[in-house]
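Chains as they are written, first to last, in this note's numbering: chain A, -6 to 287; chain B, 26 to 447.
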Amino acid sequence: MNRRDLFKVLGVAAGTTACARSARAAEPPPSVADGADPVGVLVDTTRCIGCRMCEFGCAHANGQANGLEKPSFDEALGPNRQTTEKRWTAVQRHVVAGRAITVKRQCMHCVQPACTAACLTKAMYKTPDGPVIWRSNKCMGCRYCMVSCPFDVPKFEYHSAVPRIQKCQLCFQRVAAGEQPACVASCPAQALTFGRRNNLLDEARRRIYTEPGRYISHIYGEREAGGTSWLYLSAVPFDQIGFRTDVANEAYPTYTKEFLYAVPLVLTLVPPLLLGLSRATDKGERGGDEGGEA
Amino acid sequence: MTAGLRTIGGPQLGPEFRRFVKFLLAEMRPKGPVVTPFNVITALIMATSAVLLAWRFAFGIGTITNLSQDVPWGLWIGFDVVTGVAFAGGAYVLTFLVYVMRIEKYHPIVRVTVLNGFLAYVFYAGALLLDLGRPWNVINPVIGNSFGVSSVLFLVAWHFMLYMMAQFVEFSPAVAEWLGWKRVRKVLGGMTLGAVIFGISLSILHQSGLGALYLMARDKIHPLWYSEFIPVLFLVSSIFSGLSMVIVEGSITHKVFHHRTGAKLRATNDDIVFGLARICMAVMFVYLFAKILVFVHGHGGQYLFTGWGAWFVFEIAGFVVVPAVLFARGFRQRSIPTVRLAAVLTLIGIVLNRLNVSVIAFKWYAPVRYVPSWMEIVVTLAVISAELWVFRWVVNRMPVLDFAMDHGEQPVIEPAAARHAA
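Dropping the structure here:
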């Protein structure tokens, strides 16, 4: 490598680091989309009646193509009910101070997802409109997305020779065709509102403002994990209805960004250093050795 | 094949090629007794594992592992890959000492260490393929139709691949000597320094990269093990982990392959071990200091009097402080057994540390814990067995423990010399 190349790479590396730092310092909620406003859904848990029509709608729309199972009415709803590799969305039932609260859970569709940053094949992919989808032809099944997702959303088909990663895709094809996601379309209680994220945030704030007794003053997903496209309103603190409140407010890809910035630096600085060292220690006695610059 | 070669290389290449094939076939035959306890046990393990793997590829990973939606990475990643690569760190440290710092003292063990490192990467990083759900897509991040450049795993995967090549180049002079290819040997020897420098740079990045894999699992790893400095800790510990492995491997190798060990190595082996012990000790104190800094910085004190705190102290006191002190004592008193004990304790400590980050303290709050199935353990043992078989095959044939340490002529290796006489 010649000197000019070295400076070029160093300059780029230093420049990107500087940009990243200033960008982070400039915008207060660090990661909320800088470009287009992503689509999302506002879940008002105070309106949810726990009818599970969202689950049926999801299975009806996505089940056949993705091997999901049809929901059954016999199943009891509990606080630990999770999404699985056969169920992209799951309604949980929490009892808080003697009152039952039902909550629909699914992929949060982060504005800056950990799973897409983790994916080394870009199988996990954030579409420009917002939905985070999985692409079978790219995925190699390493499950790093599952390790990285702060909400433990991606699920893996452990009992298949051709396993898939299963998670809510925010009905990206329906959305692209101008329709609502299947779950939103099937909700009879207007607990789910589909729209652009900023509009949903406005709507959520309006509801909190006009009915302060009905909601706590926290929109889950506004800042969690750097902001998510699914937003939640609740009457009780979110840790009481099964949400992790220790999730960072920073976008998760930022945790690996600095390490990745170090890569070009190490690759450009270490080899010349080692070469210099090796020249310096060469006493020129053995006429080369295997180290051979003879 | 022969016909094709003849047209390219002239008329004499045909018989030459036939002789070469004959030589290779002769070398394939086992040297020494076939039915030994070691062979029987490892063969059984590998046969069992072959059946298990056939099952796994037919019916899914869940049929033979205890992995779950909560614990997507288990023994195969946490031990085979993350720990195995830390164990293989000796190769980059020794090539640094010998080829960059030119400390001739360590030259006699450089080939066996590079061979060990290379095989460790091939088999342990190769074990990654067993863990992939859709291994036929493993080519995607290589051929460039989908570069996930923002992924730490992308970096680690590429570095594994490139480092394997670099290590092969570092080891290739031994292969050329074995085959008696003098001119090729000379060319390959000239590539060593380049491969070494490239290999060290790659190692720095992927040894730390294995730690960086877990940076996004911030809320899942117990705070005593999670820190933004995991990459640095992984890199520093890979140095003494790799060298301890060199010490332990050496003590076994020199017994088993005594007949293959050169006079120079036999004479200086103890000096080499004490030198490595001193380096281990120094780096371990650096690591300990870093660990304490991270502990204080991360307010680890609040967890100290919990079960996890006790487990943390057990790892640090029992398997970093104690072996570091033992290394110092062994070096001072020139006691090989003390150094070996220290090296073994260090390796246990590395297993503990890597498994703590990747498996044990991962989802530490989960009500149901992951424990590997016996089948996962058998497959892991099979990977190790296969590596040992290949290692033995190479050491018994190529000049690994006995070689001329300069550009000079061939060491005494009969088959090659015989072939060349023709």
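Backbone N, C-alpha and C fix where the C-beta goes; we use that ideal spot for every residue, glycine too.
Notebook entry, point to check: Can you name, in chain order, every residue of its own chain whose Cβ lies under 8 Å from the Cβ of residue 71(A), other than the five neighbours on each side?
Noted result: 85 and 86
Notebook entry, point to check: Which word fits residue 32(B), buried or exposed, when buried means at least 16 other C-beta atoms lie within 10 angstroms of its C-beta?
Noted result: With a pLDDT of 45 at residue 32(B), under the threshold of 50, the predicted position of this residue should be treated as unreliable, and no value is reported.
Next item on the list: Determine the chain B residues that contact residue 115(A) at a beta-carbon separation under 7 Å, and present them in chain order.
Entry: 171 and 173
Notebook entry, point to check: In the region 33 to 101 of chain B, which residue ranges form an unbroken alpha helix (DSSP H) of at least 4 residues, counting only runs that do not cross its ends?
Noted result: 38 to 53 and 62 to 84
Check: Nearest to residue 398(B) by alpha carbon, out of 149(B), 85(B), 153(B) and 99(B)?
Finding: 99(B)
Note to self: Measuring only the C-alpha atoms, how far is residue 88(B) from residue 114(B)?
What the structure shows: 33 Å
Notebook entry, point to check: Mind checking if residue 268(A) is an interface residue toward chain B, Cβ cutoff 7 Å exclusive?
Noted result: yes
Notebook entry, point to check: Which chain A residues are close to residue 381(B), counting only those with a beta carbon under 8 Å from its beta carbon?
Noted result: Going along chain A, no residue has its Cβ under 8 Å from residue 381(B), so there is no contact; the nearest lies around 15 Å.
Check: From this set, 96(B), 199(B) and 92(B), which residue's C-alpha is nearest residue 419(B)'s C-alpha?
Finding: 199(B)
Next item on the list: Going by DSSP, name the residue or residues bridged to residue 110(B).
Entry: According to DSSP, residue 110(B) bridges with nothing at all.
Next item on the list: Just mark residue 37(A) as buried or exposed, buried being the case when its beta carbon has 16 or more other beta carbons within 10 Å.
Entry: buried
Item checked: Which of helix, strand or coil DSSP assigns to residue 128(B) -> In the structure shown, the three-state DSSP call for residue 128(B) is coil.
Note to self: Quick check: what's the CA-CA separation for residue 263(B) versus residue 319(B)?
What the structure shows: Their backbone Cα atoms lie some 17 Å apart in a straight line.
Notebook entry, point to check: Quick one: which chain B residues come within Cβ less than 7 Å of residue 125(A)?
Noted result: Listed along chain B is no residue with a C-beta nearer than 7 Å to that of residue 125(A); the closest approach is about 14 Å.
Note to self: For residue 87(A), would you say it is in contact with chain C, using Cβ-to-Cβ distances shorter than 7 Å as the test?
What the structure shows: No chain C is present in this structure, whose protein chains are A and B.
Next item on the list: Can you grab the Cα-Cα spacing for the pair residue 445(B) / residue 209(B), in whole Å?
Entry: For residue 445(B), the pLDDT reaches just 45, beneath the cut-off of 50, and the residue's location in the model is therefore unreliable, although a value from the coordinates is still provided. Using only the alpha carbons, I get a separation of about 14 Å.
Note to self: So for residue 46(A), helix, strand or coil by DSSP?
What the structure shows: helix
Note to self: My parser needs the alpha helix (DSSP H) runs of 4 or more residues fully inside the region 178 to 258 of chain A; what are they?
What the structure shows: 190 to 203
Notebook entry, point to check: Along the region 238 to 272 of chain B, what residues have a CB closer than 9 Å to any CB found in chain A?
Noted result: 238, 239, 240, 241, 242, 243, 244, 245, 253 and 256
Check: Between the region 214 to 242 of chain A and chain B, which residues of the former have CB atoms less than 8 Å from a CB of the latter, in chain order?
Finding: Sequence-ordered contacts of the region 214 to 242 of chain A with chain B read 237, 239, 240 and 241 [C-beta pairs closer than 8 Å].
Next item on the list: For my contact list, residue 193(A) and residue 60(A) are in at a C-beta cut-off of 8 Å; report their separation, rounded to the angstrom.
Entry: With 8 Å as the limit, residue 193(A) and residue 60(A) do not qualify as a contact, their Cβ atoms being about 31 Å apart.
Check: Helix or strand or just coil, what does DSSP make of residue 286(B)?
Finding: coil
Check: With distances taken from CA atoms, which of 428(B), 402(B) and 425(B) is nearest residue 71(B)?
Finding: 402(B)
Check: Counting only beta-carbon atoms, is residue 161(A) nearer than 7 Å to chain B?
Finding: no
Next item on the list: From the DSSP output, read off the bridge partner residues of residue 343(B).
Entry: DSSP lists no partner for residue 343(B).
Note to self: On the DSSP letters alone, give me the boundaries of the alpha helix (DSSP H) that residue 290(A) sits inside.
What the structure shows: No answer is possible for residue 290(A): the residues shown for chain A start at -6 and end at 287.
Next item on the list: For residue 98(B), return the contacting residues in chain A, with the cut-off set at a CB-CB distance below 7 Å.
Entry: 136 and 140
Check: Hey, how far is the Cα of residue 75(B) from the Cα of residue 323(B)?
Finding: 45 Å
Checklist line | Of the residues 168(B), 331(B), 136(B) and 271(B), the one placed nearest residue 23(B), counting alpha carbons only | finding: As displayed, chain B neither begins before 26 nor continues past 447, which places residue 23(B) out of reach and without an answer.
Next item on the list: Classify residue 206(A) as buried or exposed, calling it buried when 16 or more other Cβ atoms lie within 10 Å of its own Cβ.
Entry: exposed
Check: Is there a Cβ from chain B that is less than 7 Å from the Cβ of residue 156(A)?
Finding: Taking Cβ atoms only, chain B reaches closer than 7 Å to residue 156(A), which makes this a yes.
Margin query: Quick check on residue 229(B): does DSSP put it in helix, strand or coil?
Written below: helix
Check: residue 112(A) by DSSP, collapsed to three states: which one?
Finding: coil
Checklist line | Opposing strand residues paired with residue 37(A) [DSSP bridges] | finding: 226(A)
Note to self: Using the three-state DSSP reduction, which class does residue 316(B) fall into: helix, strand or coil?
What the structure shows: helix
Next item on the list: Would you verify that the beta carbon of residue 165(B) is, or is not, closer than 7 Å to some beta carbon of chain A?
Entry: yes
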